Amino acid sequence: MKKLVWNALALSIALGSGAAQAWTLEEAAAPYKGTEIKAIFLDRPGYAAAIKLLPEFEKKTGIKVSYETVPYENSREREVLSFTSGEQLDVVLTDVVWIGEFAGNGWLEPVTTFTQDAKLADPDLKLEGFFPILLESFGSWDKQTYGLPFDNYSGLLFYNKCMLKDAGFDKPPATWDELLKDYAPKLTDKTKDRYAYALQSRRGETQSADSFMRFLWPFGGSLLDDQFKSNLNSKASQQGLQFRQDLMKYMPPGIVDYDHNEAVNALAQGKVAMITEWSAFYGTLADPTKSKITDCLAVATEPKGPAGLKPALGGFSLGVNAKSDDKQKAAAWLFIQWVTSEAMARPYLDAGGVSGRMSVYKDADVQKKYPFVQPMVTSWEGGVPDYRPRFPQWPEISEVVGENGTAIMLGKTSVEDGAKAIGSRMEEILKKAGYYDGKVKLLK
């Protein structure tokens, strides 16, 4: 995130917090005691962690947090419906790829509304304490911040070190090339239904983000060039997409139907040796009631490609609905500020979430207890902020990528022809939206 945005936000807090020494959550929440705020949660570990912590917030503040748990696949549609119908939804869950749409349509309240209010702004908010890539990618759009990072992900390599050891390896592959050429052949035994690697690739956002995009950036490719034209038929992008095809021979049959649960379960049950998955799934893989490999589980950064370490980036922010009543807005902000705070980072982590705060991961005890921490921090320090475009057109483009990306994997079209089909349709969408005639800023 640009320093000037940070400085402006920090200044707004400093100017608006003359009574900083006396500020407490209980006193700030007193005018809103009895207020009910509504939120959308997902059926994922980070939300289960927040739910575990809710009683503490409600006891301190008297604010009731009501939440509806919905599948990810329905969550954006559910929230957009609430915005357009006028239904009360005070805490807005914003995926990294929805921020342009939500902020651009005026559905999110800028955080400066609250940081400039001494009664609502916690002096210990410390926006600079978030990993910069998370605050920029998940919560900010066009130099304005609208939400605070929550349920934060980096793509990591989870692997069964026992399977690797049995195959003669004492460490994970450092590069994608090593994984394909050296590791995969020795770790795959189709007669025993065992495979080297599983890649969640189900059609939809999983195909577009977790599968297709994962093999563009490390190979030096990208979805778009600087002028927002398709870059999918560049040499680097084609190399990455062809690599995915080559790797499929070492993946389980039916890999195009694997979503996150199927990929995680394949590793957890010993069917595959490696997966690249979100950091938030560590808790599932380390849980002996869900995983058979807890003693063999290990974590590393995603393998490097010719362009270096360019891991998947995903996650959400929590923001305030700009159309909520002022009372609900204030109460929603107090909850968001609290659940993403430095003070709650360790409790959130211990409950199964992944905090976006830098300070919690410097704790030696945390690093020892959670082996995913160091590779995750390394990934966030060198990641790609626009791993997926965050503009409002992404959901429509994601459908196009999902359809054609699946066709490529199934061999129904070639890598080259599939990329051309995506590029052609994507440019039609962007042209219609006004990106090529100067009507819309080239923001992604």
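Per mature numbering (1 follows the signal peptide of the UniProt record, and there is no 0), the sequence shown runs over residues -22 to -1, 1 to 422. Ideal Cβ placement from N, Cα and C applies to all residues, glycine included. Small disclaimer: the values here were computed from a predicted structure and weren't measured.
DSSP, reduced to helix, strand and coil, places Val332 outside both helices and strands of the structure shown, so it counts as coil.
If the five residues before and after Gly133 are omitted, its C-beta is found closer than 6 Å to the C-beta atoms of Thr254, Glu280, Pro289, Ala290, all from its own chain and listed in chain order. Between Gly383 and the set Val234, Val351, Met354, the nearest pair of CA atoms involves Val234.
In this structure, the beta-carbon distance from Thr272 to Ala285 does not fall below 8 Å. Nearest Cα to Leu275 within the set Thr39, Leu113, Lys149: Lys149. If only complete runs of 4 or more residues are kept, the stretch 100 to 129 shows the alpha helix (DSSP H) at 110 to 117, in order along the chain. Beta-bridge pairing by DSSP links Trp256 to Gly133.
Of the other Cβ atoms in all chains shown, 16 or more fall within 10 Å of the Cβ of Leu157; this residue is therefore buried. Secondary structure note for Thr90: it is in no beta strand (DSSP E), and the uninterrupted alpha helix (DSSP H) holding it is 90 to 93. About 6 Å separates the Cβ atoms of Lys38 and Leu3, confirming a contact at the 8 Å cut-off. Of the residues Ala251, Glu5, Glu406, the one whose Cα lies closest to the Cα of Ala145 is Ala251. For Glu87, there is no enclosing alpha helix (DSSP H), since its DSSP letter is neither H nor E. In terms of Cα proximity to Val69, the closest of Met354, Glu87, Met191, Trp76 is Glu87. The alpha-carbon separation between Thr391 and Tyr175 amounts to approximately 23 Å.
Cβ atoms of Phe35 and Trp316 come within 8 Å of each other, at about 6 Å. Boundaries of the beta strand (DSSP E) harbouring Gly297: 291 to 298, taken from the DSSP string. The criterion of a C-beta distance shorter than 8 Å is not satisfied by Arg180 and Tyr131.
When secondary structure is reduced to three states using DSSP, Ile386 falls in the helix class.
If you look at Phe19, you'll find it in the beta strand (DSSP E) that goes 14 to 20. In this structure, DSSP gives Asn243 a helical state, which the three-state scheme calls helix. Per the DSSP secondary-structure output, Thr153 pairs in a beta bridge with Lys282. Of the candidates Glu240, Glu405, Ala411, the residue whose Cα lies closest to the Cα of Leu202 is Glu405. Note: Asp73 is bridge-paired with Phe294 in the DSSP secondary-structure output. Inter-residue distance for Asp303 and Pro9 is about 14 Å (C-alpha atoms, whole angstroms). For Thr391, the secondary structure class from DSSP, reduced to helix, strand or coil, is coil. Taking each of Lys170, Asp171, Phe221 in turn and checking the Cα distance to Leu194, the smallest one comes out for Phe221. When Met387, Glu377, Ala399, Leu98 are compared, the shortest CA-CA separation from Phe313 is found for Leu98. Excluding five sequence positions before and after Glu394, the CB atoms of its chain that fall closer than 7 Å to its own CB belong to Asn211, Gln216, given in chain order. Put simply, of Gly283, Lys159, Asn52, Met141 the residue whose alpha carbon is nearest the alpha carbon of Gly248 is Met141. Residue pairing of Asn138 in beta bridges, as defined by DSSP: Leu275.
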